[in-house]
Amino acid sequence: MTALNSDLKLLDDQDIQRFIMDGMLSFHPDVSSETHEEIHNLLSNCSENESPLGNNVLSRIPQMHEVLRSKEVDGAITSILGKNYLLHPHRAVHRSTPVASDSSSFDITTDKYLVGKNSTTTSLWHQDAQSPTARARHHLPKYIIGFYFPHDVTSEMGPTRFKIGSYMQHDESAEDNLFQPNFIKAGTFMICHFDTVHAGFPNFSNQDRYLVKFVFTRTEYPVKPRWNLKNDNWSQSATAMTQNNYSNGWQYIWKWLLGTSNNSKSIDNKTTKSSKASDIEENRLDKIYKNDPNQVADLIIKLLSHAGKAKHQRLLVKTEYKGQTFEYDKKTTERRWNEMAVVMEDEAYALAAMGKQAITNVLPLLKYEDPWIQINAIFILGEIGYESEEVVEAISKLLDSPHQQVVRQALDTLSCMPNQINENCLSFISNLLEKRPNDWLKVIVNRGWTALDQINFNASMLLLNCTFSGKHKKELEEILTKLLNFSTGYSAKVASQGLINLKTPTALNSAITYLSDRAW
496 MTALNSDLKL LDDQDIQRFI MDGMLSFHPD VSSETHEEIH NLLSNCSENE
546 SPLGNNVLSR IPQMHEVLRS KEVDGAITSI LGKNYLLHPH RAVHRSTPVA
596 SDSSSFDITT DKYLVGKNST TTSLWHQDAQ SPTARARHHL PKYIIGFYFP
646 HDVTSEMGPT RFKIGSYMQH DESAEDNLFQ PNFIKAGTFM ICHFDTVHAG
696 FPNFSNQDRY LVKFVFTRTE YPVKPRWNLK NDNWSQSATA MTQNNYSNGW
746 QYIWKWLLGT SNNSKSIDNK TTKSSKASDI EENRLDKIYK NDPNQVADLI
796 IKLLSHAGKA KHQRLLVKTE YKGQTFEYDK KTTERRWNEM AVVMEDEAYA
846 LAAMGKQAIT NVLPLLKYED PWIQINAIFI LGEIGYESEE VVEAISKLLD
896 SPHQQVVRQA LDTLSCMPNQ INENCLSFIS NLLEKRPNDW LKVIVNRGWT
946 ALDQINFNAS MLLLNCTFSG KHKKELEEIL TKLLNFSTGY SAKVASQGLI
996 NLKTPTALNS AITYLSDRAW
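Here this note's numbering is used: the first residue of the sequence shown is 496, the next is one more, and so on.
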């Protein structure tokens, strides 16, 4: 979260337009080569001689804060996510050790697991899952992944590969717009939209390759551009790599980042259509973002056609590994709940893109008996982000839902409306944190997390966002302090930041005590 660097190197219009189109950017922080070398040596030593660091890698190697707080990294993240962004408590070391195989059978298109012994990475194409458990997939830039490379990465060492501009696609299997750098200079920092499809690559060299993954989270909706804006008219970047044309969607995101999407009803629909008959995604996104107000009623009808199919429940596959049975979500392009990340119905994204004009039609869906319809309706209202007492009150009531999936999405959407969170809503949240239904306590992912863990985390994010409003300090402090004692360190880490934001003596004391008790 920006606070220490007053001399940020903000992105410009071309940078933002390229990020919207490609879903990624790469740059070099102004940090000494000695610092990168020191970080690399520490990563290597820790990987060889210590227990896996996991989310604690930043505490073990605090020198990486110099990279994260550099004017280039801080400025880029601020430009996209806003000045109060959060460094998510999840981070990971991706170590790729040499493989013994011949490299001739593996190319940029290959989707196969091939990594060296003790590697902590994958060579399979994938979109990252949310952590601890699932949240919705957003076309809007709400989460960013940061990849930090502390040492030179040659082509033999297997640089990370990307599917450019894939973050709006619902099917990660498409083999177009593939990109893999031939060489990555030590200290390089890459950022990509959280839902960008990417993959590692086998390491065919004779030395280990390291990168550290960070996640950054938006805490407030844009009300004005946070980059060096020169011209607020959308223009496709001449330096973008993507060959796709998602012009309507790109314009929607551009206007949203400008802080004008809720007041803007028109998008330039004069797009250059692809001649590729197989380009299903381009046609799909063109329909989603054509923004025809006459289609609202039809979209509602189409959305309701997905009711009655139990889509709020997971499709699970069982597998045996070393004598143990594991369950995981079946890979499918069908829109339904899972515990990786949830793609909503296309009608939901289309209604969200219509802004305030869709709210009246969407609100009644919150009372619909099908949980999947409720989840999509809640998501729509969160993407629109229009803060009104009526919307907040209607969503707050769903915090009493017996379905944990509905509760999780309700908390996520309310976090988009912090300025309208009132004492009644905070009371709902406080009561929610006392609940312990048995099905909320069941482990739902192999990492050991439960639905209750994600509910607590979503609640902590909502409360953190509320601390920037300057309202309800007493109530916020009480609930945030309660979250410090919950089992998942994710919730407590976010709650401690919320307490710091409140700046009251008791809130600061609670946060400092919690953090100092756990300092390395």
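All C-beta atoms, glycine included, are put in the ideal place defined by N, C-alpha and C.
Contact under 9 Å by Cβ, residue i with residue j
i: Gly653; j: Pro717; result: no
i: Gly549; j: Val610; result: no
i: Pro627; j: Arg931; result: no
i: Ala843; j: Gln900; result: no
i: Gln512; j: Trp867; result: no
i: Lys892; j: Leu860; result: no
i: Phe711; j: Ile572; result: yes
i: Asn743; j: Gly660; result: no
i: Glu561; j: Thr592; result: no
i: Phe657; j: Leu706; result: no
i: Ala836; j: Gln625; result: yes
i: Glu888; j: Asn914; result: no
i: Leu581; j: Met912; result: no
i: Thr714; j: Leu959; result: yes
i: Ala905; j: Leu894; result: yes
i: Thr839; j: Ala631; result: The amino acid occupying residue 839 in the given sequence is Met; Thr does not appear at that position. In this structure, Ala631 lies closer than 9 Å to Met839 by Cβ.
i: Trp755; j: Gly695; result: What sits at residue 755 in the sequence shown is Thr, not Trp. Going by C-beta atoms, Thr755 is not nearer than 9 Å to Gly695.
i: Asn701; j: Trp1015; result: no
i: Asp517; j: Thr655; result: no
i: Leu846; j: Leu798; result: yes
i: Ile950; j: Leu979; result: no
i: Gln509; j: Ala733; result: yes
i: Asn634; j: Met663; result: Looking at the sequence provided, one finds His at residue 634 rather than Asn. Closer than 9 Å, so yes.
Extent of the continuous beta strand (DSSP E) to which residue i belongs
i: Phe437; result: Since the displayed the chain opens at 496 and closes at 1015, residue 437 lies outside it and no answer follows.
i: Cys687; result: Phe684 to His688
i: Ser539; result: Unbroken run through Ser539 is the alpha helix (DSSP H), Ser528 to Asn544; no beta strand (DSSP E).
i: Gly641; result: Tyr638 to Tyr643
i: Tyr705; result: Arg704 to Thr712
i: Leu860; result: Taken as a continuous stretch (DSSP letters only), Leu860 belongs to no beta strand (DSSP E), as it is neither H nor E.
Alpha-carbon spacing of residue i relative to residue j, whole angstroms
i: Glu670; j: Thr604; result: 7 Å
i: His807; j: Asn833; result: 8 Å
i: Asn789; j: Asp1012; result: 58 Å
i: Leu1003; j: Leu975; result: 11 Å
i: Ala498; j: Phe601; result: Only weak support exists for where Ala498 lies, its pLDDT of 46 falling under 50; the value from the coordinates is given anyway. Cα to Cα, the separation comes out at about 44 Å.
i: Asp507; j: Ala735; result: 14 Å
i: Leu780; j: Thr691; result: 16 Å
i: Ile795; j: Leu858; result: 11 Å
i: Arg910; j: Thr983; result: This sequence places Ser at residue 910; Arg is not what is there. Those two C-alpha atoms are separated by around 19 Å.
i: Lys765; j: Lys785; result: With a pLDDT of 42 at Lys765, under the threshold of 50, the predicted position of this residue should be treated as unreliable, and no value is reported.
i: Thr999; j: Phe522; result: 38 Å
i: Ile939; j: Pro636; result: 27 Å
i: Glu829; j: Lys804; result: 11 Å
i: Ala772; j: Lys782; result: Per-residue confidence for Ala772 stands at a pLDDT of 32, beneath the threshold of 50, marking its modelled position as unreliable; the derived number appears in the next sentence. Cα to Cα, Ala772 sits roughly 16 Å from Lys782.
i: Ser1005; j: Ser991; result: 8 Å
i: Asp525; j: Glu567; result: 7 Å
i: Asp438; j: Trp620; result: Examination of residue 438 is not possible in this model, given that the chain is present from 496 through 1015 alone.
i: Thr767; j: Ala954; result: Here Thr767 scores only 40 on pLDDT, less than 50, and its place in the model is too uncertain to base an answer on.
i: Glu533; j: Ser546; result: 19 Å
i: Val902; j: Ala802; result: 18 Å
i: Leu520; j: Asn536; result: 26 Å
Supposed contact pair residue j and residue i - C-beta distance, whole angstroms, cut 8 Å
i: Gly993; j: Leu971; result: 7 Å
i: Asp703; j: Ile679; result: Incorrect: roughly 15 Å between the Cβ atoms, too far for contact.
i: Asp623; j: Ile640; result: 7 Å
i: Leu503; j: Gly577; result: With a Cβ gap of about 12 Å, Leu503 and Gly577 do not count as contacting.
i: Phe963; j: Asn996; result: 7 Å
i: Arg586; j: Phe709; result: 5 Å
i: Lys825; j: Leu811; result: 7 Å
N-terminal and C-terminal residue of the alpha helix (DSSP H) that residue i is part of
i: Arg555; result: Val552 to Arg555
i: Tyr662; result: Neither: Tyr662 is in no alpha helix (DSSP H) and is coded neither H nor E.
i: Val568; result: Lys566 to Leu576
i: Leu876; result: Pro866 to Ile879
i: Phe952; result: Ala946 to Cys961
i: Asp606; result: From DSSP, Asp606 is part of no alpha helix (DSSP H); its letter is neither H nor E.
i: Trp745; result: Ser742 to Leu753
i: Asn996; result: Gly984 to Leu997
i: Glu970; result: Lys968 to Leu978
i: Ser562; result: According to the sequence shown, residue 562 is Val rather than Ser. Start and end: Met559 to Leu563.
Per DSSP, the bridge partner or partners of residue i
i: Glu822; result: Lys813
i: Ile890; result: None, per the DSSP bridge assignment.
i: Asn698; result: Pro593
i: Phe657; result: Phe674 and His693
i: Ser521; result: Met685
i: Ala587; result: Lys708
i: Asp507; result: Asn723
i: Val837; result: Ala631
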